[in-house]
Amino acid sequence: MDLFSTDGTESWWQEPICPGAVVLRQFATAATTDILTTLDGLIADAPLRQMQTPGGGKMSAALSACGDYGWVSDRRGYRYAAIDPLTQQAWPEMPDLLSTLAARAAAAAGYPHYSPDVCLINCYETGAKMGLHQDKDELDFSAPIVSVSLGVPANFQFGGAKRTDKPVKIPLQHGDVVVWGGPARLNFHGVLTVRKALHPLTGSRRFNLTFRKTH
DNA sequence: AAGTATCT
DNA sequence: TACC
Numbered sequence: 091m092d093l094f095s096t097d098g099t100e101s102w103w104q105e106p107i108c109p110g111a112v113v114l115r116q117f118a119t120a121a122t123t124d125i126l127t128t129l130d131g132l133i134a135d136a137p138l139r140q141m142q143t144p145g146g147g148k149m150s151a152a153l154s155a156c157g158d159y160g161w162v163s164d165r166r167g168y169r170y171a172a173i174d175p176l177t178q179q180a181w182p183e184m185p186d187l188l189s190t191l192a193a194r195a196a197a198a199a200g201y202p203h204y205s206p207d208v209c210l211i212n213c214y215e216t217g218a219k220m221g222l223h224q225d226k227d228e229l230d231f232s233a234p235i236v237s238v239s240l241g242v243p244a245n246f247q248f249g250g251a252k253r254t255d256k257p258v259k260i261p262l263q264h265g266d267v268v269v270w271g272g273p274a275r276l277n278f279h280g281v282l283t284v285r286k287a288l289h290p291l292t293g294s295r296r297f298n299l300t301f302r303k304t305h
């Protein structure tokens with residue numbers, strides 16, 4: 091296990107998943123109180139909402155976003171939109187605290203010069219899940235995905251380039267960051283049903299921040 | 001479709 | 001696998 095400590099205030103380590111993908115364990119732990127305060131402000135301006143899917147279903151995780159665009163799903167399909175359909179306003183600007191964290195994580199995983207234009211905010215209550223899918227609505231697949239876990243734990247599933255590839259199950263805790271790009275950029279991934287639990291900073295909720303370069 | 005129903 |  092490779093252990094990193096730059097100034098004595100952070101201590102994290104990395105666990106490879108497959109070529110192009112890695113877990114940065116406890117990478118964000120030191121900053122999570124400030125991140126969650128920042129999140130409160132963001133979702134006050136762009137409320138979390140459960141989006142409709144094209145088939146007529148509803149996603150169990152509630153979503154919001156900040157940055158230049160947000161990911162939107164409705165009966166017509168999936169897309170990135172510059173205007174939040176709920177508020178009819180632009181999405182909140184991405185705070186420096188978040189873009190800096192994402193860039194630091196990407197660099198640590200071997201992807202320097204990362205400048206995401208979107209941060210999706212996913213909120214999982216007990217029982218919520220996310221089916222296996224690919225992040226393929228972006229226009230730039232050369233940039234990685236950076237995924238920050240906060241609050242109650244969850245089991246992440248990370249598969250291959252084909253839906254039928256058997257995923258590996260990765261338990262994620264508060265402060266863990268997953269980065270995937272390069273040969274793993276389009277790999278299928280998802281979140282198993284979140285189990286009832288309590289976290290001192292988020293109660294029963296799990297938040298997931300996913301950063302992307304969409305344009 | 002990031003979900004769900006329906007099939008083999 | 002199909003869904004428009």
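In my numbering, each residue's number is its place in the first sequence (first place is 1) plus 90. Cβ coordinates follow ideal geometry from the N, Cα and C atoms, glycine included. From a predicted model like this one, the values you see are computed outputs, not experimental measurements.
Check	Outcome
Beta-carbon proximity list for residue 214, same chain, < 6 Å, skipping 5 on both sides	151, 284 and 296
Contact check, residue 163 vs residue 136, beta carbons under 8 Å	no
Residue burial classification, residue 309 (beta-carbon count within 10 angstroms, cutoff 16)	For the chain, the structure presents residues 91 to 305; residue 309 sits outside this window and is missing.
Within 8 Å, strictly: CB atoms of residue 208 and residue 157	yes
Three-state secondary structure (DSSP) of residue 154	strand
Residue 240: first and last residue of the uninterrupted beta strand (DSSP E) it sits in	235-241
Three-way DSSP call (helix, strand, coil) for residue 194 in this model	helix
Residue 262, enclosing beta strand (DSSP E) - first and last residue	258-262
Buried versus exposed, by CB contacts within 10 Å (16 or more), residue 248	buried
Distance between residue 101 and residue 310 (C-alpha atoms, nearest Å)	Because residue 310 is not part of the residues shown, which for the chain are 91 to 305, the question remains open.
From 282, 305, 133 and 264, residue whose alpha carbon lies closest to that of residue 120	264
Buried versus exposed call for residue 237 [16 or more other C-beta atoms within 10 Å across all chains shown]	buried
Start and end residues, alpha helix (DSSP H) containing residue 164	Segment 160-164 is the beta strand (DSSP E) holding residue 164; no alpha helix (DSSP H) there.
Reduced DSSP secondary structure (H/G/I, E/B, other) of residue 300	strand
Residue range of the beta strand (DSSP E) that includes residue 111	111-115
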